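So the protein sequences, as listed, match chains A and B.
Add 2 to the 1-based position in the first sequence for our numbering, that's all there is to it.
Add 2 to the 1-based position in the second sequence for our numbering, that's all there is to it.
Have a look at the structure below, then the notes.
2 protein chains.
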Amino acid sequence: MNISNRITDLFGIKHPVIGAGMVWASGWRLASAVSNCGGLGLIGAGSMKPELLKEHIQKCRAASLNSFGVNIPLLRGDAEELIRTCIDEGVKIVFTSAGSPAKFINLFKDNGITVVHVVANVKQGLKAESAGCSAVVGEGVEAGGHNGADEITTFCLIPQLADKLSIPVIAAGGIADGRGIMAALALGAEGVQIGTAFAATAESSASGIYKEKICAAEDTGTDLIFKKIGLVRMIKNRLSGEAIKLEAEGAGTETLKELLGSKRERMGIFEGNFDEGMMEAGQGAGLVKEIMSVEKLFAKFINEFDAARSKAINY
Amino acid sequence: MNISNRITDLFGIKHPVIGAGMVWASGWRLASAVSNCGGLGLIGAGSMKPELLKEHIQKCRAASLNSFGVNIPLLRGDAEELIRTCIDEGVKIVFTSAGSPAKFINLFKDNGITVVHVVANVKQGLKAESAGCSAVVGEGVEAGGHNGADEITTFCLIPQLADKLSIPVIAAGGIADGRGIMAALALGAEGVQIGTAFAATAESSASGIYKEKICAAEDTGTDLIFKKIGLVRMIKNRLSGEAIKLEAEGAGTETLKELLGSKRERMGIFEGNFDEGMMEAGQGAGLVKEIMSVEKLFAKFINEFDAARSKAINY
């Protein structure tokens, strides 16, 4: 791959490939495996209480000498507690999502933490930059899990962020192989954040059934639902079909919240309950065909990227 | 740009860049200008009666010695008449959309016409290939105008088509500059079809007001509406806002068809009626900032592409 840019410099990593910090999938095993391959592994604190996060940080550090980070969804009531845990444990990189990083930026900076915020449009990107973030993740609507309401795709979001922001842009959404990494860089990104493909690796803490469903998904295998109560992309199942039906009928937020219920992500991703759970995944699932180790996946990314680059040189 | 591949060979063109055949925008002036720059210009027959199409074909041929083609939406009642017009006028390249090319494939082949079909998922791509098409346009949901119901993005659609099809893939949707061309090729496309950026050129037959609205659009400037009666992406306006409101309330197809009414494309694109018309445009509109000649736009594409390629070589 052999890339040196602001993102590899910022995190002190060999390859500008970040393993997304996904709920119920990105524990210390996945994060440390990504970091050991020369990428940046992220622990997904979204599904952890502070005590569990502390354990994962400690285990991650024991398993890898390389940089790693933590993803914290700021809309969580106990976001500050999670941040304090990161500070106490000496974490130096935090990716924030779902909320505004401005409120916590001094706390991060005072503790020498590099902050990267996940954004879904240019306005959010500019806000993150002026708040003091060191980079943004620009996440297109093809991404799995929670999505921005504007439904901007990776192909359109990344070049517009790159044009408007001074800080580097990391592309996310739909990137599941080395061709996608090459394409994201061509669009102006300096790094990529990959979710679904890593969620299906051996080191992911997600259920085996969830991983198999990702591998079985084809190009049309995901649904984007819950526009009125917070967009989510997931593997098509009974629940997403029901949501689409209700939405077409004009169901209100109360009805949809009732359908959503609680703990659907845990049920789907962690417990492997296909019919009742939410198996969050991106449209890139169609490109994921096999559960493999992070090491093997990383080698695949590098081979595919190098092949795409050689091809570009010789078009 | 300096690319030689199956798409440049298939059409006998210098650059694998196709100017989309857009209703009310792609007349002979735009098509011949694209062809004169070394791309493949397409006349958009979707807004033409056979007699007018004949005139545009003749004028296009008079204005350019290079290859050009015609886009025909097959769902039109008089599609066969439009095809007969192409045959009578010696057109050698036809792009078909909205419908199945299988019904007409013998008619095309018997008359030495190369057929390319526009698809929005892998299944449609495989069908087009087995019907005998020479290539497909894979169109992501970021594209302007009519869209596939599966809402697959360019970033996810192109590599999956490239993996599953033997015939070459042309990428469409969200490509509005040379970075996008480079990214599309990295994803596995061998050519690109560009709509919105060409719709805003001086040679486009669209209204000046329409072109200005494209240039003014930002990343969040389009809406995707009418899921129940045929998805359309357009510049946000009063009409699209009304459609979104009605859809959120669960409006049925009758209500939506009543809102859609008729001649909205003509009103918006050709007559420049912003509030009442449908100004169809892709999310790439956010990357289009200035009305310019096709020649200048093409030079810009080539410069941006070459810069992206140089950068890739030296990452």
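Beta carbons: idealized from backbone N, C-alpha and C, even for Gly.
Nothing here was measured: the structure is a model prediction, and the numbers come from that model.
Residue i, enclosing beta strand (DSSP E) - first and last residue
i	result
Gly193(A)	193–196
Arg235(A)	234–237
Gly48(A)	Careful: Gly48(A) lies outside any beta strand (DSSP E) and carries neither H nor E.
Ile216(A)	Counting along the chain, Ile216(A) falls outside any beta strand (DSSP E), though it belongs to the alpha helix (DSSP H) covering 210–218.
Chain-ordered chain A contacts of residue i [CB-CB under 8 Å]
i	result
Lys230(B)	Ala250
Asn123(B)	Asp221, Thr222
Arg181(B)	Pro161, Ala188, Leu189, Gly190
Ala176(B)	Sequence check: residue 176(B) is Gly here, not Ala. The contacting residues are Thr155, Phe157, Cys158.
Leu318(B)	The first residue shown for chain B is 3 and the last is 317, placing residue 318(B) beyond what the model contains.
Between the CA atoms of residue j and residue i - distance to the nearest angstrom
i	j	result
Lys125(A)	Gln285(A)	24 Å
Ala186(A)	Ser242(A)	29 Å
Ile196(B)	Val290(A)	29 Å
Gly142(B)	Asp11(B)	24 Å
Ile227(B)	Val234(B)	5 Å
Lys229(A)	Ala250(A)	11 Å
Phe200(B)	Ser66(B)	17 Å
Leu54(B)	Gly190(A)	42 Å
Gly43(B)	Ala164(A)	30 Å
Leu76(B)	Lys238(A)	31 Å
Met269(B)	Ile154(A)	26 Å
Lys94(B)	Pro161(B)	28 Å
Glu144(A)	Glu256(A)	26 Å
Phe70(A)	Ile45(A)	8 Å
Val117(A)	Ala47(B)	52 Å
Thr318(A)	Met3(A)	Only positions 3 to 317 of chain A appear in the structure, and residue 318(A) is not among them; the question remains open.
Gly147(A)	Met24(A)	9 Å
Lys51(A)	Gly79(A)	11 Å
Ile172(B)	Phe110(A)	46 Å
Arg63(B)	Gly180(B)	27 Å
Lys105(B)	Cys217(A)	35 Å
Ala309(A)	Asn316(B)	15 Å
Leu32(B)	Lys61(B)	11 Å
Gly274(A)	Ala202(B)	49 Å
Asp225(A)	Thr156(B)	16 Å
Lys56(A)	Asp112(A)	20 Å
Leu159(A)	Asn123(A)	7 Å
Lys247(A)	Ala27(B)	37 Å
Enclosing alpha helix (DSSP H) for residue i [first to last residue]
i	result
Ser242(B)	240–250
Ser312(B)	296–315
Thr1(A)	Outside the displayed range of chain A (3 to 317) lies residue 1(A), so it cannot be described from this structure.
Leu187(B)	180–188
Leu262(A)	255–262
Where residue i meets chain B, residues with beta-carbon distance less than 9 Å
i	result
Arg311(A)	Ala188, Ala314, Ile315, Tyr317
Ala202(A)	Going along chain B, no residue has its Cβ under 9 Å from Ala202(A), so there is no contact; the nearest lies around 15 Å.
Ala245(A)	Those do not exist, as Ala245(A) stays about 13 Å from chain B at its closest Cβ, beyond 9 Å.
Closer than 7 Å at the beta carbon, the chain A residues around residue i
i	result
Asp152(B)	Thr222
Ser308(B)	First, the amino acid is wrong: residue 308(B) is Asp here, not Ser. Per Cβ cutoff of 7 Å: no residues; Asp308(B) is ~11 Å from chain A at best.
Beta-carbon neighbours of residue i, restricted to chain B and to distances below 8 Å
i	result
Arg78(A)	Per Cβ cutoff of 8 Å: no residues; Arg78(A) is ~26 Å from chain B at best.
Met269(A)	By Cβ distance, chain B contributes nothing, its closest Cβ being about 25 Å from Met269(A), past 8 Å.
Partner residues on chain B for residue i, Cβ-Cβ distance less than 7 Å
i	result
Glu144(A)	Thr155, Phe157, Cys158
Met236(A)	Here the premise fails: no neighbours, minimum Cβ distance about 14 Å.
Ala65(A)	Result: empty, since nearest Cβ-Cβ is about 29 Å, beyond 7 Å.
The ligand PLP heavy atom lying under 7 Å from the CB of residue i
i	result
Ala173(B)	With respect to the ligand PLP, the structure offers nothing, as it holds no ligand at all.
Contact set between residue i and chain A, taken where Cβ atoms lie within less than 9 Å
i	result
Ala199(B)	In chain order: nothing, as chain A lies at least about 12 Å away.
Exercise. What are the start and end residues of each continuous alpha helix (DSSP H) run of 4 or more residues lying completely inside the region 134–178 of chain A, in chain order?
Worked result: Segments of the alpha helix (DSSP H) lying fully in the region 134–178 of chain A: 156–166.
For this session: Using a Cβ-Cβ cut-off of less than 8 Å, list which residues of the region 4–37 of chain A approach chain B; keep chain order.
Result: Listed by position along the chain: Asn4, Ile5, Ser6, Asn7.
For this session: Name, going along the chain, the residues of the region 204–219 of chain A whose beta-carbon falls closer than 8 Å to a beta-carbon of chain B.
Result: Hits within the stretch: zero.
Exercise. Got a sec: which bits of the region 276–302 of chain A sit with their beta carbon under 7 Å from any beta carbon on chain B, in order along the chain?
Worked result: Residues of the region 276–302 of chain A with a C-beta atom less than 7 Å from some C-beta of chain B are Gln285, Gly286, Gly288, Leu289, listed in chain order.
Problem set entry | Near-chain A residues of the region 130–141 of chain B (beta-carbon distance less than 8 Å), N- to C-terminal order | Those would be none; no residue qualifies.
Exercise. Which runs of the alpha helix (DSSP H) spanning at least 4 residues fall entirely within the region 36–117 of chain B, listed in chain order?
Worked result: Secondary structure remark: continuous alpha helix (DSSP H) runs of at least 4 residues inside the region 36–117 of chain B, in chain order: 52–65, 81–90, 107–112.
Problem set entry | Chain-ordered residues of the region 43–60 of chain A with a beta carbon less than 9 Å from chain B | Cβ contacts with chain B: none found.
For this session: Please list the residues of the region 78–107 of chain B that have a C-beta atom closer than 8 Å to any C-beta atom in chain A, keeping them in chain order.
Result: Result list empty, no residue passes.
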